[in-house]
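For reference, the structure is listed below as structure tokens.
Residue numbers (full-length UniProt numbering): 1 to 380.
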């Protein structure tokens with residue numbers, strides 16, 4: 001069983017990287033986001049139901065560093081709260097060694113944390129199990145407190161936290177499912193979404209539904225909607241507009257995923273970033289090989305689906321100064337958008353996006369991962 005935790009998050013001393021010594025203490029309670037977690041989001045990155053614990057807690061842009069302060073990208077992993085105006089580090093917390101693949105690009109780590117930052121769910125390629133880590137009493141680290149082992153011949157992966165439940169994908173291992181088919185599809189492989197109570201992870205997981213597979217035979221295009229029901233790419237709808245064809249998935253007033261196609265251009269919701277909510281989704285050109293992007297300008301656009309689901313509106317919210325849009329983070333109140341391009345983070349007033357221009361806030365932090373920058377975990 002995973003114990004309940006009310007740990008404290010430590011502050012980072014100004015001008016000093018976090019080391020292994022003593023750290024000033026903060027308060028573990030943080031603001032839970034005001035919207036509901038949705039597909040491809042986790043508890044912290046979306047907005048789980050209801051407020052978090054009362055009290056003043058660390059706030060700001062939350063980034064997951066792989067190779068913190070230039071260290072080993074597998075062993076030196078930190079969850080860091082940054083000042084959204086200056087990028088200065090306020091709080092840093094150790095993660096279990098190797099919890100996040102340092103070589104993998106565009107990982108949606110925001111869905112792996114609970115809304116109050118007390119829990120972190122993860123899986124690694126070297127084991128078929130899913131693990132849960134809890135914030136320690138002094139708030140200095142997440143320590144593994146539960147390991148969910150699958151039955152023989154199965155592997156469990158892609159964990160995400162939604163409300164008080166842990167979700168993950170269950171799939172037969174390649175060895176037990178037969179040889180590969182041409183084109184990368186794998187014979188006999190199926191996948192099922194499972195869930196279990198987060199604070200009783202040793203309990204019996206329940207099946208939630210079948211998952212679609214990508215060309216590599218892995219579960220893809222799934223998540224948990226605001227109604228706490230499984231949502232997959234099979235729920236996709238299509239609507240045509242003056243700027244192209246929008247294919248999207250929606251639960252309630254939350255757009256879970258979307259692709260806007262027009263001629264040779266294609267924009268998609270960046271899974272690395274949390275969903276926006278309120279019938280709106282932020283899209284950007286998808287990355288192609290070599291780090292380039294399709295679509296003119298590499299900018300981000302806000303697309304709002306009409307309530308009748310028969311039309312949509314599109315607005316350019318940010319055009320990058322350098323390179324392309326890498327990731328973004330919506331403020332808890334959804335009145336401000338922080339967007340990262342290749343070089344820096346910019347702030348965009350969503351009520352007055354200014355035709356794609358943003359105010360530069362700070363140079364993008366760097367880490368020792370393959371991508372070279374930390375990943376969005378949310379905005380507290």
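Note that CB positions come from ideal geometry on N, CA and C, so glycine has one too.
Beta carbon of residue i nearer than 8 angstroms to that of residue j
i, j, result
"residue 95", "residue 78", "yes"
"residue 270", "residue 303", "no"
"residue 301", "residue 267", "yes"
"residue 64", "residue 109", "yes"
"residue 129", "residue 123", "yes"
"residue 133", "residue 93", "no"
"residue 241", "residue 311", "yes"
"residue 174", "residue 154", "no"
"residue 377", "residue 66", "no"
"residue 211", "residue 219", "yes"
"residue 106", "residue 272", "yes"
"residue 342", "residue 322", "yes"
"residue 318", "residue 350", "no"
"residue 159", "residue 121", "yes"
"residue 238", "residue 232", "no"
"residue 403", "residue 274", "One cannot answer for residue 403 here, as it falls past the ends of the chain, which runs 1 to 380."
"residue 125", "residue 91", "no"
"residue 299", "residue 316", "yes"
Whole-Å CB distance - residue i paired with residue j, under 8 angstroms assumed
i, j, result
"residue 364", "residue 379", "With a Cβ gap of about 16 angstroms, residue 364 and residue 379 do not count as contacting."
"residue 358", "residue 348", "5 angstroms"
"residue 87", "residue 361", "7 angstroms"
"residue 193", "residue 156", "Their Cβ separation, rounded to whole angstroms, is 11 angstroms, which puts residue 193 and residue 156 out of contact at 8 angstroms."
"residue 243", "residue 314", "5 angstroms"
Extent of the continuous beta strand (DSSP E) run through residue i
i, result
"residue 345", "344-349"
"residue 147", "142-148"
"residue 241", "237-241"
"residue 194", "191-197"
"residue 209", "206-210"
"residue 92", "89-94"
"residue 68", "Element bounds for residue 68: n/a, residue is neither H nor E."
"residue 117", "It is not in any beta strand (DSSP E) - residue 117 carries neither H nor E in the DSSP assignment."
"residue 371", "It is not in any beta strand (DSSP E) - residue 371 carries neither H nor E in the DSSP assignment."
"residue 355", "Careful: residue 355 lies outside any beta strand (DSSP E) and carries neither H nor E."
"residue 334", "Careful: residue 334 lies outside any beta strand (DSSP E) and carries neither H nor E."
"residue 112", "Neither: residue 112 is in no beta strand (DSSP E) and is coded neither H nor E."
"residue 276", "No beta strand (DSSP E) contains residue 276, which DSSP labels as neither H nor E."
"residue 323", "Element bounds for residue 323: n/a, residue is neither H nor E."
"residue 230", "230-232"
"residue 305", "300-305"
"residue 134", "130-135"
"residue 246", "244-251"
"residue 442", "Because the chain here runs from 1 to 380, residue 442 falls outside it and cannot be looked at."
Residue(s) in a DSSP beta bridge with residue i
i, result
"residue 166", "161, 196"
"residue 82", "61, 89"
"residue 265", "262"
"residue 156", "170"
"residue 363", "344"
"residue 281", "303"
"residue 339", "328, 346"
"residue 270", "Partner(s): none; residue 270 has no beta bridge."
"residue 107", "Answer is none; residue 107 lacks a bridge partner."
"residue 76", "Bridge partners of residue 76: none, in fact."
"residue 255", "250"
"residue 316", "301"
"residue 378", "62"
"residue 219", "213"
Is it the case that the region 63-73 contacts the region 98-110, given that we only count it when at least three CB pairs across the two stretches are under 8 angstroms? yes
Contact between the region 196-208 and the region 153-167: three or more CB pairs below 8 angstroms? yes
Does the region 251-268 come close enough to the region 322-330 that 3 or more CB-CB pairs lie under 8 angstroms? no
If we count Cβ pairs, one from each stretch, closer than 8 angstroms, do we get three or more for the region 243-253 versus the region 216-227? yes
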